Amino acid sequence: MSFDELPKFHSPTRLAVLLSGSGSTLKNLLAYIERRELDAVIPVVLASKECLGAQRARDAGIETHVHDGVLTGGALDTICNAHNIDLVVLAGYLKLLPITDRVQYRVINIHPALLPDFGGRGMHGQHVHQAVHEAYTQGKVTESGCTVHFADEQYDTGSTIIQMQYPIKETDSAQDIGDCVFELECKAYPRAIKLLIDRNADANTNE
Ligand code: GRF
48 MSFDELPKFH SPTRLAVLLS GSGSTLKNLL AYIERRELDA VIPVVLASKE CLGAQRARDA
108 GIETHVHDGV LTGGALDTIC NAHNIDLVVL AGYLKLLPIT DRVQYRVINI HPALLPDFGG
168 RGMHGQHVHQ AVHEAYTQGK VTESGCTVHF ADEQYDTGST IIQMQYPIKE TDSAQDIGDC
228 VFELECKAYP RAIKLLIDRN ADANTNE
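Residue numbering for the sequence shown follows our numbering, beginning at 48 and increasing consecutively.
This is how it looks when you write it as structure tokens:
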């Protein structure tokens, strides 16, 4: 089984968005969908705790579940089946996800750095940008960026779908790096989702 053997996605592609924080990535994806730049719908959002992102989802009229305990594979499968989900999109989701057969090759994540560097447990948000900034001041790196990758059952180790680079400027603070990387993320995630939608369509042209 590989990504290319997944059944044909629905049209529009059905995304479940999982988050733990402000929902900035959800907001960006909704804007792309609204502008018809992404042929997708988000019928369900799952939050690992009550947060601004969950509220944002409710405000957008999306069915929203807050699941603050351990999310079992069974619970995830039930939600995905109930909403005919094609892709599970991690959008600032801070927990590890069980990768069941139902969601294998269907879970993607965005990380605000160029993996495999600056990833792993605890490496999220400003922690990442501070570490990158420190490495820059020590002459160890010259750029940052973002990585969209398939999620596996560890933090930030699944295979890469796309990366986008940001050349760090001498005057950049960690916050500046974070802001510029987030601008890139806003392009990279929809681009990666489109890429997967197209790849799925190509794989299903001879059915
Ligand atoms: C994004 O910057 C992404 O890199 C990471 O989570 C961030 C979004 O989280 N995976 P939030 O919406 O700001 O909580």
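Note that CB positions come from ideal geometry on N, CA and C, so glycine has one too. Values in this document were obtained by computation on a predicted structure and should not be read as measured data.
Q. What do you reckon, is the C-beta of P145 under 7 Å from a heavy atom of the ligand GRF?
A. As a working mapping, residue 145 is identified with position 98 in the sequence shown. Incorrect: P145 has no Cβ contact closer than 7 Å to the ligand GRF.
Q: Could you tell me the distance, in whole angstroms, from the CA atom of G40 to the CA atom of L93?
A: Missing from the structure shown is residue 40; the chain here goes from 48 to 254 and no further.
Q: Examine the ligand GRF and report whether any of its heavy atoms sits within less than 7 Å of the Cβ of S71.
A: In the sequence shown, the residue the question calls residue 71 occupies position 24. Result yes, Cβ under 7 Å from the ligand GRF.
Q | Cβ-based neighbour list, T111, same chain, cut-off 8 Å, excluding 5 preceding and 5 following | A | One-based indexing of the sequence shown puts residue 111 at position 64. Excluding residues within five positions, the ones whose Cβ falls inside 8 Å are V91, V92, L93, A94, A101, A104, R105.
Q) Should H196 be listed as close to the ligand GRF, given that the test is whether its C-beta is under 7 Å from any heavy atom? A) The residue given as residue 196 occupies position 149 in the sequence shown. No, the Cβ of H196 stays beyond 7 Å of every heavy atom of the ligand GRF.
Q: Could you round the C-beta distance between A63 and I126 to whole angstroms and report it? I think they count as a contact, below 8 Å.
A: Locating residue 63 in the sequence shown gives position 16, counting from the first residue. Locating residue 126 in the sequence shown gives position 79, counting from the first residue. Confirmed, about 7 Å.
Q) Whole alpha helix (DSSP H) runs in the region 134-209 with 4 or more residues, listed along the chain? A) 173-184
Q. Hey, would you say the C-beta of P159 is under 7 Å away from at least one heavy atom of the ligand GRF?
A. Locating residue 159 in the sequence shown gives position 112, where the first residue counts as 1. Yes, the Cβ of P159 comes within 7 Å of a heavy atom of the ligand GRF.
Q. If you compare alpha carbons, which of E52, G225, L77, V195 is closest to P214?
A. On the sequence shown, residue 214 is found 167 positions in, with the first residue counted as 1. Measuring from the Cα of P214, the nearest candidate turns out to be G225.
Q: Say yes only if the C-beta of F56 is nearer than 7 Å to one or more non-hydrogen atoms of the ligand GRF, and no if none qualify.
A: As a first step, residue 56 is located in the sequence shown; it is residue number 9 there, counting from the start. No.
Q.
Cutting at 8 Å between CB atoms, please list the residues of its own chain near H130, excluding the five before and the five after it.
A. If you number the sequence shown from 1, residue 130 lands on position 83. R61, A63, P90, V91, E110, listed in sequence order.
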